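K.L.:
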Amino acid sequence: MARGRRQKKATRGTANPVKRNHDLKRRKKDMDQIHEEMKNPPKLVVDEDLPGRGMHYCIPCARYFESREVLEGHAKTKTHKKRLKESLQDPYTQRDAEEAAEMTHERPRKSGVAAGAAAANVGTAVPVGGPVPQQNASVQMHSSAVGIEMTDD
105 MARGRRQKKA
115 TRGTANPVKR
125 NHDLKRRKKD
135 MDQIHEEMKN
145 PPKLVVDEDL
155 PGRGMHYCIP
165 CARYFESREV
175 LEGHAKTKTH
185 KKRLKESLQD
195 PYTQRDAEEA
205 AEMTHERPRK
215 SGVAAGAAAA
225 NVGTAVPVGG
235 PVPQQNASVQ
245 MHSSAVGIEM
255 TDD
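Going by my numbering, the sequence shown opens with residue 105, and the numbers climb by one from there.
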């Protein structure tokens, strides 16, 4: 029996710029954008190109409707209720992403008395094992400098 040649896998059409533009044209707004719109609702301006002349807008779904009745009917749908519930939650931020990846986040600088005390302690030796017992004659300590060993005599 003869074997056929093995064919490469076909691409999924992501390289086609026409398809990519079509997908981007119908892209929905992200939740953080909708959350910002809900804080500061846009002023509705008459626009001949939009459905209902741009006067009937659903903020969570980011859609325009022909009339007030159609908008009220849309408000009763399951998709609108899901989108509304999702948009009322706090948006996902970069800080949340860093915390999920267990990355550290810089803390703001201390101000006032705490900053002065922290600045005064920079470069001082700190005991390795916690508080220093009084009966030990020699205690190994480390400093912020490169591995300085100190002994009490």
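All C-beta atoms in this analysis are idealised placements derived from N, C-alpha and C, irrespective of residue type, glycine included. It should be emphasised that the depicted structure is a prediction, and the values quoted were computed from it without experimental measurement.
With 16 other CB atoms within 10 Å as the buried threshold, where does Arg199 fall?
P.N.:
Exposed, since its Cβ has fewer than 16 Cβ neighbours within 10 Å.
K.L.:
For the alpha helix (DSSP H) that contains Ile138, what are its first and last residues?
P.N.:
Start and end: Met135 to Lys143.
K.L.:
Closest to Arg130 by CA distance: which of Leu192, Lys182 and Arg167 is it?
P.N.:
Of the listed residues, the one whose Cα sits closest to Arg130 is Arg167.
K.L.:
For Leu128, which residues from the same chain have a beta carbon less than 7 Å from its beta carbon, with the 5 sequence-adjacent residues on both sides left out?
P.N.:
Counting only Cβ-Cβ distances below 7 Å, and skipping sequence neighbours, we find nothing.
K.L.:
Spell out the partners DSSP gives Arg167 in its beta bridges.
P.N.:
Paired residues: Cys162.
K.L.:
Can you tell me whether Ser215 is helix, strand or coil according to DSSP?
P.N.:
Here Ser215 sits in coil by DSSP.
K.L.:
Just to confirm, is the Cβ distance from Pro164 to Arg187 under 8 Å?
P.N.:
A contact, by the Cβ cut-off of 8 Å.
K.L.:
Please state whether DSSP places Glu206 in a helix, a strand or coil.
P.N.:
Here Glu206 sits in coil by DSSP.
K.L.:
Less than 8 Å between the C-beta atoms of Met135 and Leu148, yes or no?
P.N.:
No, the pair does not count as a contact, with Cβ atoms beyond the cut-off.
K.L.:
Roughly how far, in whole angstroms, is the beta-carbon of Cys162 from the beta-carbon of His139, given that I think they are within contact range, below 8 Å?
P.N.:
The Cβ separation is near 15 Å, so there is no contact.
K.L.:
According to DSSP, is Glu190 part of a helix, a strand, or is it coil?
P.N.:
Glu190 falls in the helix class under three-state DSSP.
K.L.:
Count the other CB atoms within 10 Å of the CB of Ser215; is the residue buried (16 or more) or exposed (fewer)?
P.N.:
When all chains shown are included, Ser215 counts as exposed.
K.L.:
Would a check of beta-carbon distances place Cys162 closer than 8 Å to chain B?
P.N.:
As a matter of chain content, chain B is missing from the structure shown, which is built from one protein chain.
K.L.:
At what residues does the alpha helix (DSSP H) containing Lys123 begin and finish?
P.N.:
Start and end: Pro121 to Lys129.
K.L.:
Would you kindly work out how many angstroms separate the C-alpha atoms of His126 and Asn120, rounded to a whole number?
P.N.:
About 10 Å.
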